[in-house]
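Quick notes on the structure that follows.
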Amino acid sequence: WVSPLISKCRKQGTLDVNDLYEPLPDCEASTLTDKLEENWFVETKRNPDRPSLIRATLRTVRWKPLVNSLIFIPSELLKISQPLLLTFLMRFFEPCSTMPAWHAWLLAMGTIFVAFCSSVILNY
Numbered sequence: 006w007v008s009p010l011i012s013k014c015r016k017q018g019t020l021d022v023n024d025l026y027e028p029l030p031d032c033e034a035s036t037l038t039d040k041l042e043e044n045w046f047v048e049t050k051r052n053p054d055r056p057s058l059i060r061a062t063l064r065t066v067r068w069k070p071l072v073n074s075l076i077f078i079p080s081e082l083l084k085i086s087q088p089l090l091l092t093f094l095m096r097f098f099e100p101c102s103t104m105p106a107w108h109a110w111l112l113a114m115g116t117i118f119v120a121f122c123s124s125v126i127l128n129y
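Numbering (the working numbering), first residue to last: 6 to 129.
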């Protein structure tokens, strides 16, 4: 969806607000606030003493952010592990290194595997 915008900007020189796509009806602020307000009233009827904004919000967005975070967190952990693997791999190239070559190969393959898995998680 970005490519047509980029080519349009290249032809015109600038983009206008009217050039952007309309958001989906479920993503408009008015729709989301109406749903949140409705769920808030349901929550206040259910629990008049202690209504929870978190429960009302979770009913509104239907756990989508939680599911997205379950995909995002492993990807970030993989990204964190990649520099650690590279650090250990660089120790192989130190002048007085006693690390066996097969260990360095495993670290190199692990670095490539982590990059591949991170890419698959984010793009799938």
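C-beta atoms are modelled at their ideal positions from N, C-alpha and C, and glycine is treated no differently.
Taking LEU94 as the centre and dropping the five residues before and after it, the same chain places the C-beta of ALA109, LEU112, ALA113 and THR116 closer than 8 Å to its C-beta, in chain order. Only residues of its own chain outside the window of five on either side were considered, and among them ILE126 have a CB closer than 8 Å to the CB of ILE76, listed in chain order.
Relative to the Cα of LEU58, the nearest Cα in the group ASN73, THR38 and VAL72 belongs to THR38. Annotation: the continuous alpha helix (DSSP H) that includes SER80 extends over 69–97.
Here VAL119 is not near LEU63, since their CB atoms are 8 Å or more apart. DSSP, reduced to helix, strand and coil, places GLU27 outside both helices and strands of the structure shown, so it counts as coil.
Around the CB of ALA61, 16 or more other CB atoms lie within 10 Å, so the residue is classed as buried. Between the alpha carbons of PRO70 and LEU91 lies a distance of about 32 Å. Burial of GLU48 is indicated by the presence of at least 16 other C-beta atoms within 10 angstroms of its C-beta.
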